[in-house]
Amino acid sequence: RVVGQRESPQGAGRAMFTPRIAFTAVDGTRHEFSGQLSSSTPRFAPGAVVPVVYRRADPAAARVDLFVDNWLGASVALGLAVATAL
Numbered sequence: 075r076v077v078g079q080r081e082s083p084q085g086a087g088r089a090m091f092t093p094r095i096a097f098t099a100v101d102g103t104r105h106e107f108s109g110q111l112s113s114s115t116p117r118f119a120p121g122a123v124v125p126v127v128y129r130r131a132d133p134a135a136a137r138v139d140l141f142v143d144n145w146l147g148a149s150v151a152l153g154l155a156v157a158t159a160l
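Per my numbering, residue 75 is the first one in the sequence shown, and the count goes up by one each step.
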């Protein structure tokens with residue numbers, strides 16, 4: 075569940091927003107982390123439910139489980155590599 079946004083000033087009156095997400099692990103402990111991506115407008119509303127993925131051995135290293143958060147960077151890099159190869 076999204077519990078808030080971390081706001082990072084960027085100058086010229088602009089800011090970047092990173093979601094703060096809380097979840098309860100399988101063992102019942104509560105964890106909170108910042109999302110991987112920042113944007114100029116909040117991506118998720120407070121209280122929104124987002125999918126989370128984590129290793130049971132290390133729930134503190136959780137990540138938002140959406141394509142944009144996990145694979146967008148790799149996809150862009152692959153596209154550039156293919157374009158360069160052609």
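Cβ atoms here follow ideal geometry from the backbone N, Cα and C, with glycine treated the same way.
Residue i and residue j look like a contact to me (Cβ under 8 Å); what is the Cβ gap, rounded to whole Å?
i	j	result
V126	V142	Not confirmed; about 14 Å, so no contact.
Taking the alpha-carbon of residue i as reference, which of the options has the nearest alpha-carbon?
i	options	result
P93	P120, R129 and A159	P120
V76	V150, A86, G153 and G109	G109
F118	Y128, F91, D132 and N144	F91
Considering only their Cβ atoms, is the gap separating residue j from residue i smaller than 9 Å?
i	j	result
G96	R130	Checking the sequence, you will find Ala at residue 96 rather than Gly. Not closer than 9 Å, so no.
Where does residue i sit, in a helix, a strand or coil, going by DSSP?
i	result
D132	strand
S170	Nothing in the structure corresponds to residue 170, since the chain is present only between 75 and 160.
G109	coil
V150	helix
A122	coil
Express the C-alpha separation of residue j and residue i in angstroms, rounding to a whole number.
i	j	result
G78	A122	10 Å
H105	V124	14 Å
A134	T103	10 Å
A89	T115	8 Å
A136	L111	13 Å
R80	F107	11 Å
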